[in-house]
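Let me begin by presenting the structure, written as structure tokens, before commenting on it.
Number of protein chains: 2
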Amino acid sequence: MTERRLHLNAFLMNTGHHEASWRLPESDPYAHVELGHYVHLARIAERGTFDSLFLADGPQLWGNLAQRPAGALEPLTLLTALATATEHIGLIATASTSYNSPYNLARKFASLDIISGGRAGWNIVTTAGAEAARNFGLDAEPAHAERYARAAEFLDVALKLWDSWEDDAIVADKAAGVWGDDTRVHPARHKGRYFSVEGALNVPRTPQGYPLLVQAGSSEDGKEFAARYAEAVFTAQQTIEDAQAFYADLKSRTTAAGRDPGHIKVLPGIVPVIGSTETEALAAEQVLEDHIVYAHGVGRLEALLQLPPGTLELDAELPSDLPPESVIEGAKSRYTLVVELARRERLTVRQLIGRLGGGRGHLTFAGTPEQVADAIEQWFTSGAADGFNIMPAVLPSGLDAFVDHVVPLLRARSLLREEYGPRQTLRERYGLPRPANQYVTAPAPALARV
Amino acid sequence: MTERRLHLNAFLMNTGHHEASWRLPESDPYAHVELGHYVHLARIAERGTFDSLFLADGPQLWGNLAQRPAGALEPLTLLTALATATEHIGLIATASTSYNSPYNLARKFASLDIISGGRAGWNIVTTAGAEAARNFGLDAEPAHAERYARAAEFLDVALKLWDSWEDDAIVADKAAGVWGDDTRVHPARHKGRYFSVEGALNVPRTPQGYPLLVQAGSSEDGKEFAARYAEAVFTAQQTIEDAQAFYADLKSRTTAAGRDPGHIKVLPGIVPVIGSTETEALAAEQVLEDHIVYAHGVGRLEALLQLPPGTLELDAELPSDLPPESVIEGAKSRYTLVVELARRERLTVRQLIGRLGGGRGHLTFAGTPEQVADAIEQWFTSGAADGFNIMPAVLPSGLDAFVDHVVPLLRARSLLREEYGPRQTLRERYGLPRPANQYVTAPAPALARV
Numbered sequence: 001m002t003e004r005r006l007h008l009n010a011f012l013m014n015t016g017h018h019e020a021s022w023r024l025p026e027s028d029p030y031a032h033v034e035l036g037h038y039v040h041l042a043r044i045a046e047r048g049t050f051d052s053l054f055l056a057d058g059p060q061l062w063g064n065l066a067q068r069p070a071g072a073l074e075p076l077t078l079l080t081a082l083a084t085a086t087e088h089i090g091l092i093a094t095a096s097t098s099y100n101s102p103y104n105l106a107r108k109f110a111s112l113d114i115i116s117g118g119r120a121g122w123n124i125v126t127t128a129g130a131e132a133a134r135n136f137g138l139d140a141e142p143a144h145a146e147r148y149a150r151a152a153e154f155l156d157v158a159l160k161l162w163d164s165w166e167d168d169a170i171v172a173d174k175a176a177g178v179w180g181d182d183t184r185v186h187p188a189r190h191k192g193r194y195f196s197v198e199g200a201l202n203v204p205r206t207p208q209g210y211p212l213l214v215q216a217g218s219s220e221d222g223k224e225f226a227a228r229y230a231e232a233v234f235t236a237q238q239t240i241e242d243a244q245a246f247y248a249d250l251k252s253r254t255t256a257a258g259r260d261p262g263h264i265k266v267l268p269g270i271v272p273v274i275g276s277t278e279t280e281a282l283a284a285e286q287v288l289e290d291h292i293v294y295a296h297g298v299g300r301l302e303a304l305l306q307l308p309p310g311t312l313e314l315d316a317e318l319p320s321d322l323p324p325e326s327v328i329e330g331a332k333s334r335y336t337l338v339v340e341l342a343r344r345e346r347l348t349v350r351q352l353i354g355r356l357g358g359g360r361g362h363l364t365f366a367g368t369p370e371q372v373a374d375a376i377e378q379w380f381t382s383g384a385a386d387g388f389n390i391m392p393a394v395l396p397s398g399l400d401a402f403v404d405h406v407v408p409l410l411r412a413r414s415l416l417r418e419e420y421g422p423r424q425t426l427r428e429r430y431g432l433p434r435p436a437n438q439y440v441t442a443p444a445p446a447l448a449r450v
Numbered sequence: 001m002t003e004r005r006l007h008l009n010a011f012l013m014n015t016g017h018h019e020a021s022w023r024l025p026e027s028d029p030y031a032h033v034e035l036g037h038y039v040h041l042a043r044i045a046e047r048g049t050f051d052s053l054f055l056a057d058g059p060q061l062w063g064n065l066a067q068r069p070a071g072a073l074e075p076l077t078l079l080t081a082l083a084t085a086t087e088h089i090g091l092i093a094t095a096s097t098s099y100n101s102p103y104n105l106a107r108k109f110a111s112l113d114i115i116s117g118g119r120a121g122w123n124i125v126t127t128a129g130a131e132a133a134r135n136f137g138l139d140a141e142p143a144h145a146e147r148y149a150r151a152a153e154f155l156d157v158a159l160k161l162w163d164s165w166e167d168d169a170i171v172a173d174k175a176a177g178v179w180g181d182d183t184r185v186h187p188a189r190h191k192g193r194y195f196s197v198e199g200a201l202n203v204p205r206t207p208q209g210y211p212l213l214v215q216a217g218s219s220e221d222g223k224e225f226a227a228r229y230a231e232a233v234f235t236a237q238q239t240i241e242d243a244q245a246f247y248a249d250l251k252s253r254t255t256a257a258g259r260d261p262g263h264i265k266v267l268p269g270i271v272p273v274i275g276s277t278e279t280e281a282l283a284a285e286q287v288l289e290d291h292i293v294y295a296h297g298v299g300r301l302e303a304l305l306q307l308p309p310g311t312l313e314l315d316a317e318l319p320s321d322l323p324p325e326s327v328i329e330g331a332k333s334r335y336t337l338v339v340e341l342a343r344r345e346r347l348t349v350r351q352l353i354g355r356l357g358g359g360r361g362h363l364t365f366a367g368t369p370e371q372v373a374d375a376i377e378q379w380f381t382s383g384a385a386d387g388f389n390i391m392p393a394v395l396p397s398g399l400d401a402f403v404d405h406v407v408p409l410l411r412a413r414s415l416l417r418e419e420y421g422p423r424q425t426l427r428e429r430y431g432l433p434r435p436a437n438q439y440v441t442a443p444a445p446a447l448a449r450v
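Residue numbers (the UniProt record's numbering), protein chains in the order written: chain A, 1 to 450; chain S, 1 to 450.
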């Protein structure tokens, strides 16, 4: 049996995950629309032999423009450009099941999978918030359960479309004048509650069959969805105990869904803040916190907690009469995480904003490279994580620091590959099998020609 | 005043525009899903200092697989990959207004425009055919007029979205902690018959403001749409007289729509078949015709003419009682072109299929490089064309032949640029101004920062 290895994903977001990162002298405030910036980040992550990189997304303009860099290059477009600038790293794009058509989205991911040589991944989101809904003809956000019902049907349709060409549907018999075998192409013939899709996809089956399926919702609906479909899960966990409970719960739900629990990889998000001493790391954190504009943070926190503007006081704790998660229609698990963090540590609103500014609820690992590597190893070996979603507070410097100082320690401890070795698909990097085609009874070949 | 120059677009389609091209010994039957094939073609076109390259598209699996290469990489995805492999050439993707959401599509084109440094173009199509409709929840194709009404509203929404950020909306004041100016971002607030889109785009204004708008429908609805929006028009014309009439008509419609007729470029499609002698060129054409599988062609022609299968006889002319264009709901102008071609030359079904096999209704210019250059010059200087949509019968060899043998003649006659010179946007290559932002009364700066 091969050794269990850590899976690392680089979560790229313009000048970094700390909301004030763009204000540092080193940061380029136009980085969010600079291809060169992202190419540079992708190459750093490849130097660190990460499994993948990842882009978040929502089809709306977030928050207010004054506060921090807004807008972005559309993730599937940006990742396609990055595919040509990298060789090994997986490319995971977020895309919404609520505001896309399965036929269009399935084509784009199939095309990216072919162009990247099997390195595409899809972070499946249902997209919370009324702003997005109102960009797509709706007056309000669909209910949480409704969004997940649509997501499940979307997946079923997309999987039919990705399987619609058998791996050997292309015959290419020039002499006979027969290019393809129509009996090996299967129309979706799907008629459901949300979608009606008749035809076969107009892209042949791809190197991976379909993109690695990734998911990040930690609500009840989200975990059930993940257990059924996801191969990798991003999650925000503030303590190792919470992370262990989440990990065990998700693996057991996956088993209950009839799947191998080894075929779902759990990656908590961490914000590494690295210094050559612990003091230096904490000082770097403090510099970032000093750049936060708190007036903006209050408004954002009120929106997350679904409170009217002006409710929160900066130097008081959260109100005691907040509603339970069950009535929240937005990002349910994020809501609970933030409320529990504030109550557990009795944080004022100001302190809470400071903590969230760094990673929006993800855990900060601040310290020396050894301390960060120790924390990673501890989580990895104690049933809290199969790997990590690395969310540097400042980019590119935070990713550089992680790759230069933490990665060598992880390699020395045999937790991380020394080099990529031969080309692999993203699914192979994550130690997962190529999916069989649902229309074929015989086992699929290892790799399609394309 | 600068000299009037020819505009050249390379219409790329797997192994070439002739339906039998994939059967030639030189052709790669997997070319349609090989990024390397398209990179090679794009670089040939750049060697020929073409203005742009272009990919057709429809969101359905075309025709039958036995006949010829089917499926493709999705055009926006493929062009993004080509953007990173080229420096100067414009990148025009076809996308449907009937089967996309304005918010999603506007983002993707804006992202491609930024990534390519202002080289994006959009060939706007309404997508004929029930196959596509049935992939998007409809039972049948929407009526022709309905599709065009939706297209016009789609454009209006997209133009609002592309203008939603003023060019100087990003302030980037690190000291004050102010990244952007919210007063310079304008939500679409669109409520119409087909679309309701509330917010601003989540991509800043792009180098071109928005992609070059291209159109290829030659029906009445199509020409009216082109007169209102299009900056370049692809068209199929079988004779110089027809091309002159189309050209004059479109320019006068553009004037009537209140636009400068110089701001719409007309590019008929031509299939160049080049030989060192005329006999050699005609022999090359004959080889291709000999590879046509006629049984497939009959079915395709019946579909185009909306006749029941089994109606047409291979060695007879078309039936005399075909319906008028007005009742056709599919590709109206293509229908009329094919019927008129068959009647004018009294072609049998077999002969008609042979003629259509090369360029699906586009004119073949077969001959020596001088003969092809002469025909191009004649059309260009006699009010039939502002340039050409070059559709080689076989790829890459046909594009190579055109660039190696015809392009030098066009340059010697001062009809085509000798080299690209400094970087330009696609719109600059076509000699068109950067559009002003509809929300700004002062003139726009020459180029945005991004």
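Every residue, glycine too, gets a C-beta built ideally from N, C-alpha and C.
- Contact between the segment 335 to 345 of chain S and the segment 266 to 277 of chain S is absent: fewer than 3 CB-CB pairs across the two stretches fall below 8 Å.
- For Val171 (chain A) and Pro102 (chain S), the gap between their C-alpha atoms comes out near 38 Å.
- Between the alpha carbons of Leu212 (chain S) and Asp386 (chain S) lies a gap of roughly 16 Å.
- Note that the C-beta distance between Val273 (chain A) and Ala281 (chain A) is below 7 Å.
- A direct Cα-to-Cα measurement between Glu3 (chain S) and Arg413 (chain S) gives close to 12 Å.
- As the crow flies, the alpha-carbon of Leu288 (chain A) is around 12 Å from that of Tyr294 (chain A).
- The C-beta separation of Leu432 (chain A) from His263 (chain A) comes to about 6 Å, placing the pair in contact by the 8 Å criterion.
- Neighbourhood of Thr425 (chain S) in chain A, by CB distance below 7 Å: empty, with the nearest CB roughly 16 Å away.
- For Asn9 (chain S), the enclosing beta strand (DSSP E) begins and ends at 7 to 11.
- When Cβ-Cβ separations below 7 Å define contact, Lys160 (chain S) makes no contact with chain A.
- Residue nearest to Phe109 (chain A) within the set A:Leu76, A:Val403, A:Tyr420 is A:Leu76 (criterion: CA-CA distance).
- Below the 7 Å Cβ cutoff, chain S contributes Gly199, Asn202 as neighbours of Gln60 (chain A), in chain order.
- A Cβ-Cβ separation of about 5 Å places Arg119 (chain A) in contact with Leu426 (chain A) under the 8 Å criterion.
- Residue range 363 to 367 is occupied by the beta strand (DSSP E) that includes Phe365 (chain S).
- Burial state of Tyr430 (chain A) is buried, judged by a 10 Å Cβ sphere holding 16 or more other Cβ atoms.
- Neighbours of Asp182 (chain A) in chain S, taken as residues whose beta carbon is under 7 Å from its own, are Asn64, Leu65, Ala66 in chain order.
- Between Ala230 (chain S) and Gln237 (chain S) a beta carbon distance of about 16 Å is seen, past the 8 Å cut, so the two are scored as non-contacting.
- Under the criterion of beta carbons closer than 8 Å, Leu91 (chain A) and Leu105 (chain A) do not qualify as touching, at roughly 15 Å.
- For the segment 123 to 152 of chain A, residues whose beta-carbon sits nearer than 7 Å to a beta-carbon of chain S comprise Glu131, Arg134, Asn135, Phe136, Gly137.
- Ser98 (chain S) counts as buried, since at least 16 other C-beta atoms from the protein chains shown sit within 10 angstroms of its C-beta.
- Within chain S, no C-beta atom comes nearer than 9 Å to that of Thr97 (chain A); the closest sits roughly 13 Å away.
- DSSP, reduced to helix, strand and coil, places Ala140 (chain A) outside both helices and strands of the structure shown, so it counts as coil.
- Residues of the segment 342 to 371 of chain S with a Cβ closer than 8 Å to any Cβ of chain A: none.
- Exclusion of the five residues before and after Trp62 (chain A) leaves Ala70 as the residues of its chain whose Cβ lies within less than 7 Å of its Cβ.
- At a cut-off of 7 Å between beta-carbon atoms, Ala303 (chain S) makes no contact with chain A.
- Cβ contact annotation for Leu161 (chain S) (same chain, cutoff 6 Å, sequence separation greater than five): Ala106, Ala188, Leu201, in chain order.
- Using a Cβ-Cβ cut-off of 7 Å, Thr80 (chain S) counts as an interface residue toward chain A, since at least one Cβ of chain A sits closer than that to its own.
- Arg184 (chain A) is not a Cβ neighbour of Glu198 (chain A), given a cutoff of 7 Å.
- The CB of Ile115 (chain S) comes closer than 8 Å to the CB of Leu35, Leu73, Thr77, Leu78, Ala81 in chain A, given here in chain order.
- Listed in chain order, the alpha helix (DSSP H) runs fully inside the segment 83 to 125 of chain A are 102 to 115, counting runs of at least 4 residues.
- Relative to the Cα of Thr364 (chain S), the nearest Cα in the group S:Leu159, S:Met391, S:Asn9 belongs to S:Met391.
- At a cut-off of 7 Å between beta-carbon atoms, Gly177 (chain S) makes contact with chain A.
- Using a CB distance below 7 Å, no part of the segment 299 to 325 of chain A faces chain S.
- Counting along the chain, Asp221 (chain A) sits inside the alpha helix (DSSP H) bounded by residues 220 to 229.
- Residue environment analysis places Ala436 (chain A) among the exposed positions, since fewer than 16 neighbouring C-beta atoms fall within 10 angstroms of its C-beta.
- The beta-carbon of Ser111 (chain S) is placed less than 7 Å from the nearest beta-carbon of chain A.
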